[in-house]
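Beneath this line is the structure, given in structure tokens, with notes to follow.
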Amino acid sequence: MAPSPDLAPLLPHKARLETSYAFSRTFNPRNLEILWYPLWCQTLFDLVASVPNLTVAPQFPVWIIRHYDNEHEDADDGDDPEEITEIEGEEQHNEPEEGDYEVGAGDISFASTVPEKKAEGVLVDFAILSLRAVPQPKEKLRYGGWRITGASVCLLVELKRFVSRSLKDDELNVEILAHVQEARSDLVKQAGYLFIKDKTKNSVMAIAAAGPFWSGATIHRDDIKLTMHILSTSDLSYQPPGEEFVDRVPKWNKIIRLDGASSEAASEARLHTVCKKMREMGD
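The opening residue of the sequence shown carries number 745 in the numbering used here; numbering runs sequentially from there.
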């Protein structure tokens, strides 16, 4: 009997080749983060392949857009590439990353991916979105017969490069933890931007990864009020309430390797749990 889609292996032969490719000193001599993207792309797309309304969005922009009023899209609206005016002087900066063991350790509306002047925000390495749509039979050419009415961010994924390949044992474990911790910190900030943008969203799942090693958590709005306060202070119209804010550390689970011989089953089970929770968010 063939396994059900929910129980099918998430780490096919292709993913193992992608791991080998990223580890290769020949093809990745500088140990770059970007060479780990194929593995995580493969894993995330396979994770949601059987769920029609869940989609992977690489380099997803989470912008705080102060004056975005276009809530209803018409067939004659712009958005074709030649109709988008590039903002002069605006640059997107991605800071360069420095760089087979188990380590202990709501809904939004799509806004333009071109930020308005002085917009604040971040690009998330990967996001998984839950899409809602209504039939649009008269607009098959543009919409394929559907119009998107909602896009809820279910999962944020931040990927850091793997540590020095010369490290072993305890030194290796310490450095993996440090890189994953850096990804965790970035995810808290990304979630803060997301919560500021979407006042109705109270939580988002997150994956912090360093090469093939990863850890997950659910980040709650109430846990990062201080972060949201700090991110909001650059808005001159922001009026903080009188209460004092604190952050609570999200409950990150243990760091495991995506495809390690000793942790593959645990990684598979954890990924299936993540997928199950994302499906429930869309129900």
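Using N, Cα and C, we set each Cβ at its ideal position, and we do this for glycine too.
Less than 8 Å separating the beta-carbons of residue i and residue j?
i       : j       : result
Phe957  : Asn775  : no
Leu921  : Ile999  : yes
Tyr937  : Val866  : yes
Ala766  : Trp780  : yes
Asp869  : Glu919  : no
Thr763  : Asp1003 : yes
Gly889  : Arg876  : no
Ile940  : Ser976  : yes
Trp806  : Gln934  : According to the sequence shown, residue 806 is Val rather than Trp. Yes, the Cβ-Cβ distance between Val806 and Gln934 is below 8 Å.
Ala952  : Val924  : yes
Met1022 : Ser908  : no
For a test of the three-state rule: what should DSSP assign to residue i, helix, strand or coil?
i       : result
Phe771  : coil
Arg1001 : strand
Trp784  : helix
Arg1023 : helix
Leu761  : helix
Val868  : strand
Between which two residues does the alpha helix (DSSP H) holding residue i run?
i      : result
Gly936 : Asp913 to Lys941
Trp958 : Here Trp958 belongs to no alpha helix (DSSP H); instead the beta strand (DSSP E) covers Phe957 to His964.
Gly976 : The amino acid occupying residue 976 in the given sequence is Ser; Gly does not appear at that position. That run of the alpha helix (DSSP H) goes Lys969 to Ser976.
What is the residue span of the beta strand (DSSP E) that residue i lies within?
i      : result
Trp890 : Trp890 to Lys904
Ile951 : Ser947 to Ala954
With 16 other CB atoms within 10 Å as the buried threshold, where does residue i fall?
i      : result
Arg965 : buried
Gly960 : buried
Lys983 : Note on residue identity: the sequence assigns Gln, not Lys, to residue 983. Result: exposed.
Glu777 : buried
Leu761 : exposed
Ala954 : buried
Gln803 : exposed
Lys969 : buried
Thr944 : exposed
Would you kindly work out how many angstroms separate the C-alpha atoms of residue i and residue j, rounded to a whole number?
i       : j       : result
Asn772  : His757  : 20 Å
Thr962  : Glu1024 : 14 Å
Ile872  : Glu915  : 33 Å
Thr1017 : Leu791  : 10 Å
Asp930  : Gln880  : 38 Å
Asn838  : Glu987  : Any reading at Asn838 must be qualified, since the residue scores a pLDDT of 42, below 50, and its modelled position is unreliable; no value is offered.
Leu911  : Asn917  : 9 Å
Asn797  : Thr971  : 31 Å
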